[in-house]
Each structure stands twice: as C-alpha cells, then as structure tokens.
Amino acid sequence: MGALLAIPSLAASAACCFGSTACSLCACCPSSKSSTTTRIMYALMLFVSTFLSCLMLIPAIQNKLAENDWFCKGLGISCAHATGFQAVYRVCAATASFFLIFMLMMLGVKDSKDARSKIQNGFWFFKYLLLTALIVMFFFIRSESLATPLMWIGMIGGFLFILIQLILIVDFAHGVADSLIESYEESDSRYCYAGLISFTFGGFILALVAIIFMFIFYTTGEGCGLPRFFIIFNSLLCIGITGLSLSPAVQEFNPRSGLIQAVMITGYVIYLTWAALINNPDKQCNPSLISIISSKNSTDPSHDEKHFGVPLPAQSIVSLFLWFACLLYASIRNSSNTSLGKITGGSGNDENIQLTDDTERQVWDNEEEGVAYSYSFFHFMFALASLYVMMTLTSWYKPDNDLTHLNSNMASVWVKMVSSWVCVALYSWTLVAPIVFPDRDF
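Residue numbering for the sequence shown is -19 to -1, 1 to 423, as defined by mature numbering (1 follows the signal peptide of the UniProt record, and there is no 0).
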C-alpha cells in the first residue's frame, strides 16, 4: 500500500528531474508558486557548488590534488599550498559559466508560454549534469596562467555582487522594520513595544561595545593610524545615518523610518569594519586569534609537510552565511521591487492570482500572464554570486602573493571598507530620495 502511495511522488520527482515540470520542495508542503520553488532550487544548486569549493580547501583533498603539479606549475608558488585555491577558482568559474549560459538563454522570456520557461523551471537532472561537465572541463584546463584572469574577473564580479547584496540588506532592514512596526500598531501590545525597544537599544549597545573592542585590540600598535581612521569614520557614519533616520524631513515622507533600520545598518557597517581590520596585513594592528594561529603555524618547520593551504578564516564563514541568506531572501521575495527600486525586472503580478479548486498540484504556474522576475537578471546575479564565493574563499587572493599571509591583504581590507561606505550611501539614499523626488513612488 505504501508503495502505491509513493508512486505519484516518484512520478513528480521524475518529471521535475527529467522533464519540464517545476519541482516541489517536499511532498508535505502546501501548494507554492513555480517562480519561488525554481529560484530556491537554483539557490540550492549554488549552495552545492559552494560546498564543493569548501571541500577543496580540506587538507586531505588538497594532498590528493597536489600530486598533479600542473595546477600551479610556472606560477612560482608552492603547489602544496596553492592547489586548494586553484581548485576553488575552477569550481566557481564553472558555476559562474553555467549561470551565464542560462542568462543568455533566457533573454527576453516574458511569460511561461515561452518554451524556454520550461527549461528554466524543470530538467534539473540535466542542469546538474551540465554543471558537472563544466567543472570537469575547467579542471582539465591546464593553462598555467588561468588563475590571473580569473582573479580579475572574480574581483569585478564579486564587487558587483556586493552592491546587489547591499541593496538586499538595506531592503531587508526596511522590510523588517515595517513588519515590526505594523505588528505593534495592530496589536498595541506592551510586550511587542518592549521587544522593539530592547531590539533597538540592545543593538546600539552591542555596536558600542564592538567599537570599543576594536579600539582596544586593533589600534594600539605603532603606525595604526589607518585602522583608527576606519573605526572613527565609520562610527561617525553610523551616528549620521541614525540622525538622518530621525530627522523631521525624513519623518514627514516616511513616518516609519527610525531607529530599527538604523540599528540594523549600523550593525552591518560595524561588522564590515571588523572584517576589514582582521584582514590587515600589519600584524601590529591585527593581533587577532587568527593571526596568532597563522603566525604559530608559519614558524613550525614541519607545517609545510603536514598541511596544505591556509585554513578558511572565521570571517569568510560569516560572509558566506550572509551571502546565502541574501540569496534565499532574493529567492523567496514576493515582489521584484526593493526600497531602491526594481532590481530583477519582473513583470508579473502574482500577488493577485488566486488558486482555483482544480489547482491541487504542489507547484502551480503563476507566470502565465508574465514572469514574476527577470530570468536573465536572476542568472546574472547568481553568476556574480559564484564569483563572490570564489573571492571570499580565497580571501581575494592574488596568485603571486605570499600564501603565508593569504588571509591578510589590503585588497580584502579595502573591498570591505568600500562596501561599508556604499551600504551607508544606499541606505541614506532610501531616506533622501522621497524628499528629492516627491512625485515618484518609492
């Protein structure tokens, strides 16, 4: 009997993997939109690729790959140290190529009546097969100079994704604030009000503690003027955006603008400041636990023989967590619009589509009248996300750098600092734009 009941589920899974049917996330889940489940499936695909890239940094796997010295032959660096990063380059470059192929393939798709929409929403087995083939192909590229052009492509693509990520984070801050305030206004609960106060002021207290912590540990050495400037300047920026959020002009056009958004953006800016400081190559200004461990390992004469590569820093793990959270947020959003405008170019209005009695499928097509998001831009964003992973896992690695200081380089410092300033600028623009353009709908 159980086998008979499993037949429809198996048939649906086969249709999803080998045909054009959109995937259901699980058999017990309620009906969901094909546009949402498809985006989540692509996010899971990117997660699998990222997990594979992380595996390439495991010493045991690097030992095996290092036996083939063609990865780093001619680069003038130790193959035992570079193999893991070279492998990350190839896996992520193949993943980015996969999404670029689909970006070109999906140009101009307007609704689900287009035959290419079937490819977008189904045939997952063949998609994974194509991705695997691309990864294998990149591993068979034995060019000794492949890493250098991939590095520059990765830097450009990674920085572009940072901009998109910042837009999503700013939009998320506005969305969370609106939801919390709306919940309080509807319930008028003292507990809800106490929660809002605790969240807001608790966040600012944590930010203040973090600033003091950074001053104590990252500015005490000689010649630490630049880290000191970063901390002071970003702290002043956080105070500025908080004051701007509460200014009468902003409150007039956006009464819900306030401390909740400001504390979330402040927290993210402080995180980026810390992330920049722990990548400072000047060890006098970066006495972190990571640098102490790295220094200890580098003095061990047997370290080169026992371990291959540089361990993934904790900051990179946090960055990947935020990266995947932003991708999931972009995948499950109900709208293509953000607080900064439309970034995905969707033309569908699936909010007004109602399920009928005959719609009992796990996944239903909500794009018959128009796509809910731009297929091409979505794949372009995921291609950039792949390049961002490549640069994050390799700490914005330059092939001819000394790998003993790989996790500490000024390129990573400036990328994170510029990102924090762009984040402040984007958030400030969401507050000022309604004032500058009062006739536009934001």
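In this text, a Cβ means the ideal position worked out from N, Cα and C, and glycines have one as well.
To the nearest angstrom, how far is it from the Cα of residue i to the Cα of residue j?
i, j, result
"residue 307", "residue 26", "15 Å"
"residue 408", "residue 230", "16 Å"
"residue 130", "residue 74", "11 Å"
"residue 313", "residue 43", "36 Å"
"residue 285", "residue 213", "Bear in mind that the predicted position of residue 285 carries a pLDDT of just 43, short of 50, making it too unreliable to give a figure here."
"residue 420", "residue 110", "50 Å"
"residue 366", "residue 139", "7 Å"
"residue 136", "residue 172", "46 Å"
"residue 14", "residue 200", "51 Å"
"residue 353", "residue 16", "7 Å"
"residue 256", "residue 96", "45 Å"
"residue 198", "residue 181", "26 Å"
"residue 67", "residue 300", "20 Å"
"residue 395", "residue 263", "14 Å"
"residue 132", "residue 71", "11 Å"
"residue 261", "residue 254", "11 Å"
"residue 316", "residue 150", "Note that residue 316 scores a pLDDT of 48, beneath 50, so its modelled location is shaky and nothing firm can be said."
"residue 101", "residue 178", "45 Å"
"residue 41", "residue 236", "56 Å"
Looking at the unbroken alpha helix (DSSP H) that takes in residue i, where does it start and where does it end?
i, result
"residue 130", "128 to 168"
"residue 404", "391 to 417"
"residue 351", "Per DSSP, residue 351 belongs to no alpha helix (DSSP H) and is neither H nor E."
"residue 183", "171 to 199"
"residue 219", "206 to 227"
"residue 443", "The question about residue 443 has no answer here: the residues shown for the chain are numbered -19 through 423."
"residue 244", "240 to 258"
"residue 261", "Looking at the DSSP string, residue 261 is not in any alpha helix (DSSP H), and its letter there is neither H nor E."
On the CB-based measure, 16 or more other CB atoms within 10 Å of its CB, does residue i come out buried or exposed?
i, result
"residue 174", "exposed"
"residue 45", "exposed"
"residue 265", "exposed"
"residue 166", "exposed"
"residue 94", "exposed"
"residue 282", "Confidence in residue 282 is poor, its pLDDT being 42 and thus under 50, which makes the residue's placement too unreliable to answer from."
"residue 418", "exposed"
"residue 142", "buried"
"residue 152", "buried"
"residue 38", "buried"
"residue 183", "exposed"
"residue 287", "Because residue 287 sits at a pLDDT of 42, beneath the cut-off of 50, its placement in the model cannot be relied upon, and the following sentence gives the value as read from the coordinates. With fewer than 16 Cβ atoms within 10 Å of its Cβ, residue 287 is classed as exposed."
"residue 355", "buried"
"residue 122", "exposed"
"residue 119", "buried"
"residue 88", "exposed"
"residue 224", "exposed"
By Cβ distance below 7 Å, which residues in the same chain neighbour residue i in space, the five residues on each side in sequence not counted?
i, result
"residue 228", "none"
"residue 79", "111, 112, 115"
"residue 363", "23, 27, 80"
"residue 425", "In the structure displayed, the chain extends from -19 to 423; residue 425 sits before or after that span and is not available."
Between which residues of its own chain and residue i is the CB-CB distance below 6 Å, once the five residues before and five after are set aside?
i, result
"residue 84", "357, 360, 361"
"residue 374", "34, 69"
"residue 192", "216"
"residue 185", "244"
For residue i, I'd like the list of residues in its chain whose CB is within less than 8 Å of its CB, leaving aside the five on either flank, ordered along the chain.
i, result
"residue 250", "215, 218, 219, 401, 404, 405"
"residue 226", "238, 239, 240, 242, 243, 412"
"residue 203", "265"
"residue 349", "92, 93, 94"
"residue -17", "For residue -17, the pLDDT reaches just 44, beneath the cut-off of 50, and the residue's location in the model is therefore unreliable, leaving the point undetermined."
Next on the checklist: Can you confirm whether the region 146 to 165 touches the region 210 to 230 when touching is taken to mean that 3 or more C-beta pairs between the two stretches lie within less than 8 Å?
Outcome noted: no
Checklist entry - On the three-pair Cβ rule with 8 Å, is the region 360 to 377 touching the region 26 to 40? => result yes
Checklist entry - Should the region 106 to 119 be called in touch with the region 66 to 81, which here means at least 3 C-beta pairs below 8 Å? => result yes
Item to check | Inter-stretch contact at 8 Å, needing at least 3 Cβ pairs: the region 195 to 208 / the region 132 to 147 | outcome: no
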